[in-house]
Amino acid sequence: MDVNEPKYQKMLTELIELCKKNLPKTDAVLLTKSFNMSFEAHKNDLRASGDPYFLHPYEVALIIAREIPLDHISVIAALLHDVVEDTEFNLDIIKKEFGSEVAEIVDGVTKISGLFSGLEITQAENYRKLLLSMVKDVRVILVKFADRLHNMRTLDFVPPVKQRRIATETLEIYAPFANRFGLGRVKWELEDLAFKYLNKPAYEDLAKKIKSKRKEREALIAKFMSPVEAKLKEYKLDFEMGGRPKHIYSIYKKMLNQNTTFEFIYDLLAIRIILESNDQNDCYYVLGVTNQLYKPIGDRFKDYISIPKKNNYQSIHNTVFGPEGKLFEVQIRTRKMHEIAERGVAAHWKYKEHLHNNDSELEDWVNWVRDIFENASKNEATKEILASFKLNLYQDEIYVFTPNGDLKRLPLNSTPVDFAFEVHSNVGHHCIGAKVNGKIVPLDTRLNSGDQVDIITSKNQHPNRSWLQFVQTHKAKSNIRKYISREEEKILEAGKEIWEKKLKKYKLSFNHEDVNKLARKLKFDNLSQFYKAIVQNTLNLDELLNPPEEHESKQSNELQFESFAEIARTSSGDLLVEGEHKGIEYMYAKCCSPIPGDPIIGYITIGEGIKVHRKDCKNLLNMIKHGEHKLVPVNWPQDAGKYFVAGINISGEDKPGLLNEISNSITTYKNTNIKSVNISSNDSVFSGTITVYVSDLDHLNRLIERLKKSIGIYSVKRFVVGP
Ligand code: MN
């Protein structure tokens, strides 16, 4: 095969001529280039018929140029539409050679080809939406129509099983679609071809009958028209008149729907007269003309001009006895009425397909597309029009298949988890993984329209809080949330039970607020986490509630203190040690040596005034336990004006000059004075205590931070100075 052979050059010339004739603009150079690439890419392949494969894309391009003439980009895409799928040429090459528009259309056609294979088509409307959701440029669908039309024309060569499948798909999905796109001729040809393969005997029977009557019929129509034409021209009316063709599949459908015979349907001859006039009175004038020429049947007359149909359809329908006593259905309307009638096809289709009423979006869009078609074929198709071929319908939802071929509609960015809950809440609850188009993927994978999804479940799997980060559907979200709160409820109950048993054991009583405080102290975000820790045994209640003397838990002391302090506060009111109660004698408890900044509490002694303790003082706790308490809240004065003793525990690497370094570090900070040092070393590690004079807690903490930064220091901590 050589593209320079005269027969291929002739084919190319024919295509270019056709484009020049039908399209607003034709780039012969680019067309030639795509012709050559398609030829080159397919040159070793044959079709099922035995023809060179190249003939297929070529014919598809011809169909576009002849029957769906929109622009030359569509024609180029048609020539290349099977290149990516079947040959070693890839999208990058197409993009480089022909631009991103052509590449996108080819990519779109490739993606939707074979989309429905192996599936039983039971939800035709969903399938059509699936198709739309995958298509971003309307020309993808046009090329697909043309591709399908040529495949249908050459369907004889594929095995019968495949014939039936493709024919069903064509009848259920592509033909109604073509109709909505205003491609009436493509629609009826697709229907008739599909019908031929789905019901061959009926098709052949009807085809034979029509053929035997065609000439007779054409002659009758001509006979009817000529006197009418003469009269209308006499009155200088501009009009278009013709017989309305009837197609095999539509006759068959009418026979079924009206339960009648071929003869009854087919003997009814149909004439349409479209007036190039804005005056609807002209229609009545034409009615008068036909009624003068042919005798009308009174009860078949309908005036939809005076009383339009609900969908705004306007026309006069009249039935007359024409030549040879045959019945003729005559439709009379203006051009404007005709255009509205054509648009109304979408509404008829909608009714027939039992669509939902809220689908007006689709209808609007289809009408818009039809507008573009009409403008593109009538006027110059401008770049602006072509640029607006981007679809944005159904782009916010996706359509995915179950393993059985059922379609599920999901919001954009949905994941296998969303899909699983869509299938059944049980599937959602136990989904552990997913296969998308046969490959195992993570649960947070984003699904795409056309994906086939198979969910893997496990009895031991349960919804996970992290799923909430990626699921999209309300169904999935609410199911997961419900599960989590049910689980938390369970944990809460179990945790509470253990907690209360322990309280009983240690003869303690906590009110709700105390438990909350404790949970916060222990750095839990909320109570349920606290209870969860109890259930999971990561929180040791015995240690917390009954601390051994030497390893006392500071937190629990503090908590109990706070709770008792609260009782005291409500009974005694606020008391500032330095303030309005100046006269009250007080002193700092030696057991805990509080310094300004420490949370403190006053302990009223007999004869010694108030002793100020740190709130977490172990001694004080013991005293309260023995019931000899009387607590009052105390606050630090604004400025205590003196120094307080504080202790520091320190350990680190033992090395020469270490003590000097530490004391330097302390004394150079705010002239801090050291009260005492008690350090011992053991195996090159030293540890010990240092007591210092500080003005407040801030002073102490900064000192500790400073020491921590010294080289060789392992740990620095405050410790409570005893008497
Ligand atoms: Mn193809």
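This note's numbering numbers the first residue of the sequence shown as 309 and each following residue consecutively.
Glycine included, each C-beta is placed from N, C-alpha and C at the ideal position.
Original post:
Does at least one heavy atom of the ligand MN sit under 6 Å from the Cβ of D390?
Top reply: Proximity of the beta carbon of D390 to the ligand MN is indicated: a heavy atom of the ligand is located closer than 6 Å.
**OP:** With a floor of 4 residues, list each alpha helix (DSSP H) that falls wholly inside the stretch 466-516, ordered by position along the chain.
**Re:** Taken in chain order, the complete alpha helix (DSSP H) segments of 4 residues or longer contained in the stretch 466-516 are 468-477, 483-488, 492-506.
Original post:
For the putative contact between N487 and K495, defined by C-beta atoms under 8 Å, what is the C-beta separation to the nearest angstrom?
Top reply: Rounded, the Cβ-Cβ distance is 4 Å, consistent with contact.
Original post:
So the alpha helix (DSSP H) Y366 belongs to, where does it begin and stop?
Top reply: DSSP places Y366 in the uninterrupted alpha helix (DSSP H) bounded by 363-375.
Subject >> Closest Cα partner of K328 within the set A373, N352, P314, F343 >> reply: K328 has its Cα closest to that of A373, out of A373, N352, P314, F343.
Subject >> Span separating the alpha-carbon of D575 from that of E526 >> reply: Distance between the alpha carbons of D575 and E526: 12 Å.
Subject >> Straight-line Cα distance separating A742 from A515 >> reply: If you take the alpha carbons of A515 and A742, they lie about 50 Å apart.
**OP:** Determine contact between the stretch 384-403 and the stretch 415-422, defined as no fewer than three beta-carbon pairs at a distance below 8 Å.
**Re:** Verdict: yes, contact present.
Subject >> Sub-7 Å separation of D455 and V368 beta-carbons >> reply: In terms of Cβ geometry, D455 and V368 form a close pair [threshold 7 Å].
Subject >> For I556, the nearest candidate out of L1015, V940, K519 (CA to CA) >> reply: Closest by alpha carbon: K519.
Original post:
Quick one: does V985 have its CB under 7 Å from some CB of chain D?
Top reply: Checking the listed chains, one finds no chain D in this structure; it contains a single protein chain.
**OP:** Go ahead and label M319 buried or exposed: buried means 16 or more other beta carbons lie within 10 angstroms of its beta carbon, across all protein chains shown.
**Re:** Flag for M319 reads buried.
Original post:
Is it the case that the CB of D611 approaches a heavy atom of the ligand MN more closely than 6 Å?
Top reply: If you check the C-beta of D611 against the ligand MN, you find no heavy atom less than 6 Å away.
Subject >> Endpoints, beta strand (DSSP E) assigned at Q566 >> reply: Q566 -> not in any beta strand (DSSP E); alpha helix (DSSP H) instead, spanning 556-566.
Subject >> Straight-line gap, L635 to F629 (C-alpha atoms, nearest Å) >> reply: Distance between the alpha carbons of L635 and F629: 5 Å.
Original post:
When the Cα atoms are used, what is the spatial distance from S774 to D759?
Top reply: When rounded, the distance between both Cα atoms is 24 Å.
Original post:
Quick one: is the Cβ of D455 within less than 6 Å of any heavy atom of the ligand MN?
Top reply: At least one heavy atom of the ligand MN is found less than 6 Å from the C-beta of D455.
Original post:
So, is H458 buried or exposed, given that buried needs 16 or more other C-beta atoms within 10 angstroms?
Top reply: Buried, because 16 or more other Cβ atoms sit within 10 Å of the Cβ of H458.
Original post:
Going by alpha carbons, who is nearest to F952 out of S992, I958, K898?
Top reply: Of the candidates S992, I958, K898, the one whose C-alpha sits nearest the C-alpha of F952 is K898.
**OP:** Can you grab the Cα-Cα spacing for the pair V337 / E396, in whole Å?
**Re:** A direct Cα-to-Cα measurement between V337 and E396 gives close to 23 Å.
Original post:
Nearest CA to the CA of S995: which residue from I987, Y1001, V1024?
Top reply: If we check each option's Cα against that of S995, I987 comes out closest.
**OP:** Please check the pair I958 and V1000, which I expect to be a contact at CB under 8 Å, by giving their CB distance rounded to whole angstroms.
**Re:** Their Cβ separation, rounded to whole angstroms, is 11 Å, which puts I958 and V1000 out of contact at 8 Å.
Original post:
Are the stretch 564-571 and the stretch 538-554 in contact at 8 Å, needing three or more beta carbon pairs?
Top reply: Judged by Cβ distances under 8 Å, the stretch 564-571 makes no contact with the stretch 538-554, as fewer than three pairs qualify.
Original post:
What is the rounded straight-line gap between the Cα of Y592 and the Cα of K610?
Top reply: Rounded to the nearest angstrom, the gap between the Cα atoms of Y592 and K610 is 12 Å.
Subject >> Simplified DSSP assignment, three categories, for G917 >> reply: DSSP, read as helix, strand or coil, puts G917 in coil.
**OP:** Go through the stretch 983-1013 residue by residue and report every complete run of the beta strand (DSSP E) that reaches 3 residues or more, in order.
**Re:** Segments of the beta strand (DSSP E) lying fully in the stretch 983-1013: 993-1002.
Subject >> Inside the stretch 701-731 only - alpha helix (DSSP H) runs reaching at least 4 residues >> reply: Fully enclosed alpha helix (DSSP H) runs of 4 or longer: 724-731.
Subject >> Contained beta strand (DSSP E) runs [length at least 3] in the stretch 936-976, N- to C-terminal order >> reply: Look at the stretch 936-976 and you find these whole runs of beta strand (DSSP E), each 3 residues long or longer: 939-941, 952-961.
Original post:
If you check the beta carbons only, do S382 and L450 fall under 7 Å apart?
Top reply: Contact annotation: S382 and L450 have beta-carbon atoms nearer than 7 Å.
**OP:** Alpha carbon to alpha carbon, how far is T753 from F778? Give it in angstroms, no decimals.
**Re:** The C-alpha of F778 lies about 9 Å from the C-alpha of T753.
Original post:
What is the C-beta distance between L498 and A483, in whole angstroms, given that I count them as a contact (C-beta under 8 Å)?
Top reply: Their Cβ separation, rounded to whole angstroms, is 4 Å, which keeps L498 and A483 in contact under 8 Å.
Subject >> Per DSSP, cross-strand counterpart(s) of A742 >> reply: Looking at the DSSP output, A742 bridges to V749, I763.
Original post:
Any idea if H732 is buried or exposed, counting beta-carbon neighbours within 10 angstroms, 16 or more meaning buried?
Top reply: It counts as exposed.
**OP:** Can you have a look at Q844 and say buried or exposed, based on whether 16 or more other CB atoms are within 10 angstroms of its CB?
**Re:** That one is exposed.
Subject >> Proximity of L847 and A841 at Cβ, strictly below 7 Å >> reply: Cβ atoms of L847 and A841: closer than 7 Å.
**OP:** May I ask which residues mark the beginning and end of the alpha helix (DSSP H) holding A454?
**Re:** Note, A454: alpha helix (DSSP H), 446-461.
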